[in-house]
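One structure is given here, and the rest of the page talks about it.
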Amino acid sequence: MIALGILLVLVLLLVVFGLLFRLQILTSIFSGSFTRDIGVSNRVNAILMVVFLLVGGAAFAWSFADNFGKMNPPIASVHGHEMERLFWTTMIVIGIVFVLTQALLFLYSYKYQHKDGRRAFFFPHNNKIEIIWTVIPAIVMAGLIFAGWKEWTKITGPAPKDSVVVEIMGKQFNWLLRYPGRDMKLGVVNYRLIDATNEFGLDLNDKSSLDDYVFTSGEIHVPKGHPVLLKIRSRDVLHAVYMPHFRVQMYAVPGMPTKFWFTPTKTTDEMRSELGNPKFNYELACNQICGRGHFAMKMNIVVDEPEDYVAWYAQQKSFSEQNPDVLASFKQKANKPVDQEATPAAAAVVPVAAKASL
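Note that the numbering used here numbers the sequence shown so that position 181 is 341, with each residue one more than the last.
Dropping the structure here:
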């Protein structure tokens with residue numbers, strides 16, 4: 161409340177200052193001294209430009225230094241170091257250009273302020289300057305884009321064959337997880353089969369779906385030092401899988417499956433020890449505003465030692481084991497006799513629902 165009060169006072173002071181300044185100009189116009197006062201107002205504005213540059217630059221530098229740790233959490237994935245290098249390389253290039261252009265903009269406003277008797281120099285065109293400021297940025301941007309594209313195609317391309325596969329589905333307002341069962345294959349899903357129990361829409365007529373593990377709450381478990389392939393989908397609107405410590409971000413787009421693979425390098429316990437925070441947890445969050453309950457779209461990530469992950473995985477029960485009534489309904493539909501007098505189109509729908517896989 162105190163900060164809000166101070167802000168309101170500053171705004172009111174600026175408004176009063178602006179009104180007084182306009183009143184001064186109107187008074188000068190009516191008194192016939194407007195030409196003489198223009199020089200004064202320009203000098204004031206020119207000085208204020210320099211003051212704004214110095215104060216604004218100092219405030220930005222302080223804010224950046226004070227929040228640097230929050231913007232850069234420790235890296236816990238193999239590709240994260242390369243992503244961090246690319247990010248800061250880009251930021252340094254952009255930052256240098258930004259500081260130079262803004263400093264020149266405000267300093268030129270001071271240097272070339274209004275002075276009686278001085279006329280502006282007309283400079284319409286210069287081929288050499290235009291070539292320089294076109295070619296150099298083009299080369300720099302091409303280098304940055306190529307380096308980013310090279311790394312991006314690596315982490316969104318084919319994952320290693322021995323990767324741990326985790327399917328993540330975003331919906332308003334939580335995340336659904338699916339792990340392949342003992343056959344290491346994700347089964348077929350069909351959006352027409354989604355209901356309050358079968359939230360993933362598993363088609364249990366497919367043998368590969370029978371042993372899939374489905375989680376609608378809880379944590380994501382992944383092994384340290386082993387590639388993890390995230391298969392990402394959305395059930396309703398645009399979401400985003402964001403894992404800041406692993407430098408992972410990928411959109412979950414309705415009707416368009418995406419993927420991302422990474423290799424964790426630090427277990428949860430190791431990161432807790434490094435940070436000195438026994439309550440620390442890696443987090444998966446949605447960083448695309450997806451509706452009123454957007455704040456609830458987060459889930460903890462547990463990075464286990466490989467042997468601990470194997471032990472956790474062995475304790476899980478498949479969706480069909482946890483929901484025998486759903487499995488029984490599929491078997492009942494599959495064994496239901498087809499009406500001999502039914503039309504071919506109707507008969508085709510009875511045994512098996514239309515299948516859709518990733």
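The beta carbon of each residue, even a glycine, is placed where N, CA and C say it ideally should be. It should be emphasised that the depicted structure is a prediction, and the values quoted were computed from it without experimental measurement.
Item, Value
"Member of Tyr373, Lys391, Gly178 and Gly341 whose CA lies at the smallest distance from the CA of threonine 316", "Lys391"
"Residues near valine 169 by beta carbon distance below 6 Å, same chain, minus five either side", "none"
"Beta-bridge partners of methionine 243, as assigned by DSSP", "In the DSSP output, where bridge partners are listed per residue, methionine 243 has none listed."
"Burial state of aspartate 276 (16 or more Cβ within 10 Å)", "exposed"
"Contact between the stretch 175–185 and the stretch 236–256 (3+ Cβ pairs under 8 Å)", "no"
"Meets three-Cβ-pair contact criterion under 8 Å: the stretch 381–401 and the stretch 328–339", "yes"
"Residue of Val200, Leu362, Arg279 and Thr425 minimising C-alpha distance to proline 234", "Thr425"
"Among Val348, Trp335, Asn460 and Leu364, nearest to alanine 488 - alpha-carbon criterion", "Leu364"
"Buried/exposed call for histidine 405, threshold 16 Cβ in 10 Å", "buried"
"Inter-residue spacing [alpha-carbon to alpha-carbon] between threonine 294 and valine 257", "14 Å"
"Neighbourhood of phenylalanine 281 by C-beta, 6 Å cutoff - its chain only, sequence neighbours within 5 removed", "none"
"For alanine 506, three-class secondary structure by DSSP", "The pLDDT assigned to alanine 506 is 29, lower than 50, so where the model puts this residue is not dependable; a value taken from the coordinates is nonetheless given after this. Alanine 506 falls in the helix class under three-state DSSP."
"DSSP state of isoleucine 461 mapped onto helix, strand, coil", "strand"
"Pair within 9 Å by beta-carbon distance, valine 470 and valine 382", "no"
"Straight-line Cα distance separating asparagine 232 from alanine 505", "Because the pLDDT at alanine 505 is just 30, under 50, the model does not fix this residue reliably, and the point stays unresolved."
"Per DSSP, the bridge partner or partners of glycine 330", "Trp335 and Ser394"
"Per DSSP, cross-strand counterpart(s) of glutamate 379", "Asn460"
"Cα-Cα separation between alanine 502 and alanine 412, rounded to whole angstroms", "Caution is warranted here: a pLDDT of 35 is assigned to alanine 502, below 50, making its placement in the model unreliable, and the coordinate value is therefore given only provisionally. Distance between the alpha carbons of alanine 502 and alanine 412 is about 41 Å."
"Identity of the residues DSSP links to leucine 164 by a beta bridge", "Answer is none; leucine 164 lacks a bridge partner."
"Straight-line gap, methionine 209 to phenylalanine 266 (C-alpha atoms, nearest Å)", "6 Å"
"3 or more residues per run - each beta strand (DSSP E) lying fully within the stretch 257–334", "324–331"
"Local Cβ density within 10 Å of alanine 319, reported as buried at 16 or more and exposed below that", "buried"
"Contacts around valine 141, its chain only, beta-carbon distance under 6 Å, and the 5 residues preceding and following it disregarded", "Nothing in the structure corresponds to residue 141, since the chain is present only between 161 and 518."
"Of the residues Phe181, Phe479, Ile291 and Asn483, the one placed nearest arginine 342, counting alpha carbons only", "Phe479"
"For glutamate 359, the nearest candidate out of Glu379, Pro387, Arg393 and Lys384 (CA to CA)", "Arg393"
"Which listed residue (Met251, Trp472 and Asp372) has its alpha carbon closest to that of glutamate 481", "Asp372"
"Own chain partners of aspartate 366 with C-beta closer than 6 Å, once the 5 adjacent residues on each side are dropped", "Gly347 and Val348"
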